[in-house]
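Peer 1: For the sequence shown, my numbering begins at 36 and goes up steadily by one.
Built from N, CA and C at the ideal position, the CB exists for glycine as well.
The structure displayed is predicted, hence computed values, not measured ones.
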Amino acid sequence: MSVNPLLSEPVEDFAVRLEAMTDEELFTTMNSLEEASEAAEDAEETLARIALSETEIERRYPGELLAPYRNWKQRQPLS
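#1: If you drop the 5 nearest sequence neighbours on each side, which residues of the same chain put their C-beta closer than 7 Å to that of leucine 61?
#2: Glutamine 109 by DSSP, collapsed to three states: which one?
#3: Starting from the Cα of glutamate 76, find the closest Cα among Ser43, Leu113, Pro112 and Tyr104 and give me that residue.
#4: Are the beta-carbon atoms belonging to arginine 84 and leucine 68 less than 8 Å from one another?
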């Protein structure tokens, strides 16, 4: 079983990295975290990182909550 790098790096480093991500990278990260949360052994850690990602999306898109992420997700091809 491999360790998910999104969950293994220190949370402070993760938060700083979120700020530097492009929107595409941010949305991909959020999607990966959501998928990881379904099978997470440490759900609390995963949910904390999801919350940080949500905060960054809301900072970039004031007043839109998570609509930009949901719109992006709808445009993605099914896996």
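Peer 2: Quick look at the numbers:
#1: Cβ neighbours of leucine 61 within its own chain (closer than 7 Å, five residues either side excluded): Leu53, Ser88, Glu91 and Ile92.
#2: Judged by DSSP in its simplified three-state form, glutamine 109 adopts helix.
#3: It is Ser43.
#4: Contact flag set, yes.
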